[in-house]
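In what follows, a structure is listed as structure tokens, so that the remarks can point back to it.
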Amino acid sequence: MHTLGEWSIGLKKPFAASDELVGAIAVSGQSVVTSGIYERYFEQDGRRWHHILDPRSGYPLDNELESVTIISDDSLDGDIWTTLIYGLGVEKGRAALRQREDIEAIFVTKNREVILSSQRRFRFQLLDSGYRLTDCTA
């Protein structure tokens, strides 16, 4: 499906009410897909178990991220890359994306940072002052 004009898509604040946003993504003709640990999880014995699994251990991945959003031409690519990049973490994820001009990422960390891999084909506006926009370079 192709749309005319620009869309503004909210980036949900992890572990908050559904209408609370970290920021807004302005895109035109792009797919926006997010994977995060704050929607599908359960808590047991004081530990949160989410659905993004480490293929080596079978347990939930444990890194610095709460979510990864991928901006790409195709939602299928976005779905694949969100999980892949989440597993790599911020530094390795950014390195992997340097090879891909057609895919960009927004990382939301547990330390309340929003890190952009680049902004070639979208614009990001931070809406929550409790977060820091820390990097905008590829």
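Quick note: the sequence shown uses my numbering, first residue 1, plus one each step. Where is the CB? At the ideal position from N, CA and C, for every residue including glycine.
Task: Check whether Val114 and Leu133 have beta carbons under 9 Å apart - done: Translated into positions along the sequence shown, residue 114 becomes position 114. Translated into positions along the sequence shown, residue 133 becomes position 133. Yes, Cβ-Cβ distance for Val114 and Leu133 is below 9 Å.
TODO: With DSSP as the reference, label Ile85 as helix, strand or coil.
DONE: Locating residue 85 in the sequence shown gives position 85, where the first residue counts as 1. Reduced to three states, the DSSP call for Ile85 is helix.
- [ ] Put Ile52 into one of helix, strand or coil per three-state DSSP.
- [x] Here residue 52 refers to the residue found at position 52 of the sequence shown. Residue state, collapsed to three classes: coil.
TODO: Go ahead and label Arg94 buried or exposed: buried means 16 or more other beta carbons lie within 10 angstroms of its beta carbon, across all protein chains shown.
DONE: Taking the first residue of the sequence shown as 1, we reach residue 94 at position 94. Buried is the call here.
Open item on the list: Can you look up Ala17 in the DSSP assignment and give me helix, strand or coil?
Closed with: Here residue 17 corresponds to residue number 17 of the sequence shown, with the count starting at 1. Ala17 falls in the coil class under three-state DSSP.
Task: Span of the beta strand (DSSP E) around Glu104 - done: Within the sequence shown, numbered from 1, the residue matching residue 104 stands at position 104. Taken as a continuous stretch (DSSP letters only), the beta strand (DSSP E) holding Glu104 covers 104-109.
Task: Close beta carbons around Gly36, own chain, < 7 Å, minus the five adjacent residues each side - done: For the purposes of this step, residue 36 is taken as residue 36 along the sequence shown, with counting starting at 1. If we look at Gly36 and ignore the five residues flanking it on each side, its Cβ neighbours are Pro14, Glu66, Ser67.
Task: Status (buried if at least 16 other CB within 10 Å, exposed otherwise) for Gln30 - done: As a working note, residue 30 is residue 30 in the sequence shown. So Gln30 ends up on the buried side.
- [ ] Might you give, ordered along the chain, the residues of its own chain that have their beta carbon closer than 8 Å to the beta carbon of Ile71, omitting 5 neighbours on each side?
- [x] As a position in the sequence shown, residue 71 is number 71, starting the count at 1. Result list for Ile71: Ile25, Val27, Gln30, Ser31, Val32, Gly78, Ile103, Glu104, Ala105, Ile106, Arg121, Phe122, in chain order.
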